[in-house]
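Engineer: I have a structure I would like to understand better, so I am pasting it below and will then ask my questions one at a time.
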Amino acid sequence: MWVRVMIKVKVPATSANIGPGFDSLGLALNLYNKFAFEEIPQGLEITGCDGRYKNKYNLVYRAAIKTLVKIGYKVSGLRIHMETTIPPSRGLGSSAACILGGVLGANKLAGMPLSKEDILGIATGIEGHPDNIAPALLGGLVVSILEDKKVYSSQVPVAKGIKFIALVPDFTLSTKKARAVLPSNVPYKDAVYNVGRVSLLLSAFSSGRFDLLKLGVKDSLHQPYRGDLIQGFQSILEKSEELGSLGVYLSGAGPTIMAMVEEDNMDFIREIRNYLDSMNYKWNVLDLEMDLCGAVYE
Ligand code: HSE
C-alpha cells in the first residue's frame, strides 16, 4: 500500500547586503514562501505556480533532486505544491527561499540525515553566495562568509524597535544583470570605506544606536554601480531619509529599496506611498518585521 506523507516547509524572505555587507550580511523578514512535498508512485507534479515553472527546471525541484542525490536517497516520483508571496527577482531572496525549500523538503523525505551546516552548504552551493541562504535558514541578522568552499555564519542580535519597509517596484532585475555591472577591482579607499561602515552598522544594530544606521548602511562597493539600473533610485533614497528613515539601502541586488524606520513611525509609509505614486513605475510598499526563526517544517 502507498503511504502518503506530506512534508511542509515555510521559508522567509531575506534582504541581503544591508548596504556595505556585500555578499556577507543578510536578514530574514516576515514574508514567506511555503512548499509542500509528497512522494508519489512516479513522475513529477508541480502545482501553485505559473505553467512555465511546472517542469524539471523548477528551482525547488532542482534543489530537492540535487540534495536527494547527495544524500543517496531515491524517490519514485515527486509532487510539489508552492504558495509563494515573496516577489521574484526583486532582491528579497525568492530564489534562496526556493532553493532552501527544496533542500529542506528533500532532507525530510530522506529521514532528516542532514545537519544545519550541511543544509547551509548545499543550498549555498546552488545559490553561489550565502548572504540570503543563511538568514533564510537561521532567521534574524546573519553574517556569513565562504572559506575554502565552506560557509561560516554567525547571528548578530538586533535591538528591538525597528521595522523594515520594502519599496518594491513592478519591474524585475536579475541578480546576473546586477552583478554584471560591478567592477572587478575597486580603489583601496572604497574598500576601507566599507570596512568602517559595516562595522559601525553591526554595532548600531546590536547596541540599539539606531541613529548610526544612516551612516552604517552607506556603501561604495555595489550600490553606486547598480543605482542606474533602477529608475528613481537616488531620489527615493533621498526622500526616504527626508521622511525620517533610520537608514535606507538597496535590498540584495535590487531593485527593491529597503527603508528602516522606528516601529512606532506611522507616517513614513503613508508619505512614501504618496511620493512613489508620482513615479513612472508602480511601487508596492510592504510593512515588514525581522523574522527570528528562519525556515521551519510545519
Ligand atoms: N549579495 C548578492 C548581490 C545578493 O548583491 O549580488 C543577491 O543575491
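Residue numbering for the sequence shown follows the working numbering, beginning at 1265 and increasing consecutively. Backbone N, C-alpha and C define an ideal beta-carbon position, used for all residues, glycine too.
1) Taking DSSP as the reference, what is the three-state secondary structure of Val1560?
2) When the Cα of Arg1326 is compared with those of Ile1386, Gly1425 and Tyr1296, which residue comes out closest?
3) For Ile1521, which beta-bridge partners are listed by DSSP?
4) Going by beta carbon distance, what residues of the same chain come within less than 8 Å of Ile1383, once the five residues before and after it are set aside?
5) Under 7 Å from any heavy atom of ligand 1, does the C-beta of Asp1483 make it?
6) Taking only runs that begin and end inside the segment 1294 to 1318, name each unbroken beta strand (DSSP E) of 3 or more residues, in chain order.
7) Hey, how far is the Cα of Phe1474 from the Cα of His1345?
8) Would Gly1516 and Ser1279 be called neighbours here (beta carbons separated by less than 8 Å)?
9) For Pro1284 versus Asn1458, is the C-beta spacing smaller than 8 Å?
10) Expressed to the nearest angstrom, what Euclidean distance is found between the alpha-carbon atoms of Asn1538 and Gly1518?
11) Assuming Asp1454 contacts Leu1293 under a Cβ cut-off of 8 Å, what Cβ separation, rounded to an integer in Å, is found between them?
12) Check whether the Cβ atoms of Ser1469 and Leu1405 sit closer than 8 Å, and answer yes or no.
13) Taking the alpha carbon of Gln1487 as the reference point, which residue from Gly1355, Arg1343, Lys1413 and Glu1562 has its own alpha carbon closest?
14) Report, in whole angstroms, the separation of the C-beta atoms of Glu1535 and Gly1425, which I expect to be a contact under 8 Å.
15) Check each candidate in Glu1302, Lys1298 and Tyr1296 and name the one with the smallest Cα separation from Ile1271.
16) Under the criterion of a Cβ to heavy atom distance below 7 Å, does Phe1497 qualify as lining ligand 1?
17) Report the residue from Ser1484, Asp1395 and Glu1347 whose alpha carbon sits nearest the alpha carbon of Tyr1452.
18) Please go through the same chain and pick out, in chain order, the residues whose beta-carbon is closer than 7 Å to the beta-carbon of Tyr1545, but skip the five residues on each side of it.
19) Compute every distance between the C-beta of Asn1529 and the non-hydrogen atoms of ligand 1, then say whether any falls below 7 Å.
20) Taking the continuous beta strand (DSSP E) assigned at Gly1341, which residues delimit it?
21) So the candidates are Cys1313, Thr1520, Gly1307 and Lys1298; which of them puts its Cα closest to the Cα of Leu1431?
22) Is Gly1403 closer than 8 Å to Cys1557 when the C-beta atoms are compared?
23) Threshold first: 3 residues or longer. Then list the beta strand (DSSP E) segments lying entirely within the segment 1363 to 1428, N to C.
24) Comparing C-alpha positions only, which one of Asp1314, Pro1305, Tyr1321 and Met1376 sits nearest to Lys1334?
25) With which residues is Glu1526 paired in a DSSP beta bridge?
26) Quick check: is any heavy atom of ligand 1 less than 7 Å from the C-beta of Asp1454?
27) Alpha carbons only, please: which of Asp1412, Ser1358, Met1543 and Ala1374 is nearest the one belonging to Pro1399?
28) Going by CA-CA distance only, name the one from Ser1438, Asp1287 and Asp1541 that's closest to Pro1394.
29) Does DSSP classify Leu1332 as helix, strand or coil?
Structural biologist: Straight from the coordinates:
1) Reading the sequence shown from its first residue, position 296 is the one you call residue 1560. Val1560: strand per DSSP, three-state reduction.
2) Numbered from its first residue, the sequence shown carries residue 1326 at position 62. Between Arg1326 and the set Ile1386, Gly1425 and Tyr1296, the nearest pair of CA atoms involves Ile1386.
3) Numbered from its first residue, the sequence shown carries residue 1521 at position 257. In the DSSP output, where bridge partners are listed per residue, Ile1521 has Leu1431 and Leu1514.
4) Within the sequence shown, the letter at position 119 stands for residue 1383. The beta carbon of Ile1383 is closer than 8 Å to those of Leu1364, Val1367, Leu1368, Asn1371 and Leu1401 in its chain, skipping five residues each way along the sequence.
5) Within the sequence shown, numbered from 1, the residue matching residue 1483 stands at position 219. The answer is no for Asp1483.
6) The qualifying runs are 1307 to 1311.
7) Numbered from 1 along the sequence shown, position 210 holds the residue referred to as residue 1474. Numbered from 1 along the sequence shown, position 81 holds the residue referred to as residue 1345. Whole-angstrom Cα-Cα distance: 40 Å.
8) Locating residue 1516 in the sequence shown gives position 252, counting from the first residue. Locating residue 1279 in the sequence shown gives position 15, counting from the first residue. Yes, the pair counts as a contact, with Cβ atoms nearer than the cut-off.
9) Position 20 of the sequence shown, counted from the first residue, corresponds to residue 1284. Position 194 of the sequence shown, counted from the first residue, corresponds to residue 1458. In this structure, Pro1284 lies near Asn1458, with their beta-carbon atoms less than 8 Å apart.
10) Here residue 1538 corresponds to residue number 274 of the sequence shown, with the count starting at 1. Here residue 1518 corresponds to residue number 254 of the sequence shown, with the count starting at 1. Across the structure, Asn1538 and Gly1518 are spaced so that their CA atoms are roughly 21 Å apart.
11) One-based indexing of the sequence shown puts residue 1454 at position 190. One-based indexing of the sequence shown puts residue 1293 at position 29. About 28 Å; that fails the 8 Å criterion.
12) Taking the first residue of the sequence shown as position 1, residue 1469 is located at position 205. Taking the first residue of the sequence shown as position 1, residue 1405 is located at position 141. The sequence shown places Phe at residue 1469, not Ser. Taking 8 Å as the Cβ cut-off, Phe1469 and Leu1405 qualify as a contacting pair.
13) Here residue 1487 is taken as the residue at index 223 of the sequence shown, counted from 1. Closest option to Gln1487, Cα to Cα, is Gly1355.
14) Residue 1535 sits at position 271 when you count from the first residue of the sequence shown. Residue 1425 sits at position 161 when you count from the first residue of the sequence shown. Separation of the CB atoms of Glu1535 and Gly1425 is rounded to 20 Å, and the pair is thereby denied contact status at 8 Å.
15) The residue labelled residue 1271 in the question sits at position 7 within the sequence shown. The residue with the shortest Cα to Cα distance from Ile1271 is Glu1302.
16) Taking the first residue of the sequence shown as 1, we reach residue 1497 at position 233. It does not: the Cβ of Phe1497 is nowhere closer than 7 Å to a heavy atom of ligand 1.
17) Position 188 of the sequence shown, counted from the start, is the residue given in the question as residue 1452. Ser1484 is the residue among Ser1484, Asp1395 and Glu1347 whose C-alpha sits nearest the C-alpha of Tyr1452.
18) Reading the sequence shown from its first residue, position 281 is the one you call residue 1545. These residues qualify, in order along the chain: Pro1433, Asp1434, Phe1435 and Gln1495.
19) Residue mapping note: residue 1529 aligns to position 265 of the sequence shown, counting from 1. Checking every heavy atom of ligand 1 against the Cβ of Asn1529, none is found closer than 7 Å.
20) As a position in the sequence shown, residue 1341 is number 77, starting the count at 1. Per DSSP, the unbroken beta strand (DSSP E) holding Gly1341 starts and ends at Gly1341 to Thr1348.
21) On the sequence shown, position 167 is the one that residue 1431 refers to. From the listed residues Cys1313, Thr1520, Gly1307 and Lys1298, the smallest Cα separation to Leu1431 is found for Thr1520.
22) Sequence index remark: in the sequence shown, residue 1557 carries index 293 (1-based). Sequence index remark: in the sequence shown, residue 1403 carries index 139 (1-based). In this structure, Cys1557 lies near Gly1403, with their beta-carbon atoms less than 8 Å apart.
23) Counting only runs of 3 or more, we get 1405 to 1411 and 1414 to 1420.
24) Working through the sequence shown from its first residue, we reach residue 1334 at position 70. With respect to the C-alpha of Lys1334, the residue from Asp1314, Pro1305, Tyr1321 and Met1376 having the closest C-alpha is Met1376.
25) Counting from one through the sequence shown, the residue named residue 1526 turns up at place 262. Bridge partners of Glu1526: Ile1426.
26) Indexing the sequence shown from 1 puts residue 1454 at position 190. It does not: the Cβ of Asp1454 is nowhere closer than 7 Å to a heavy atom of ligand 1.
27) Indexing the sequence shown from 1 puts residue 1399 at position 135. Among Asp1412, Ser1358, Met1543 and Ala1374, the Cα nearest to that of Pro1399 is on Ser1358.
28) As a position in the sequence shown, residue 1394 is number 130, starting the count at 1. Answer by Cα proximity: Asp1287.
29) The count along the sequence shown starts at 1 and reaches residue 1332 at position 68. In the three-state scheme derived from DSSP, where H, G and I count as helix and E and B as strand, Leu1332 is classed as helix.
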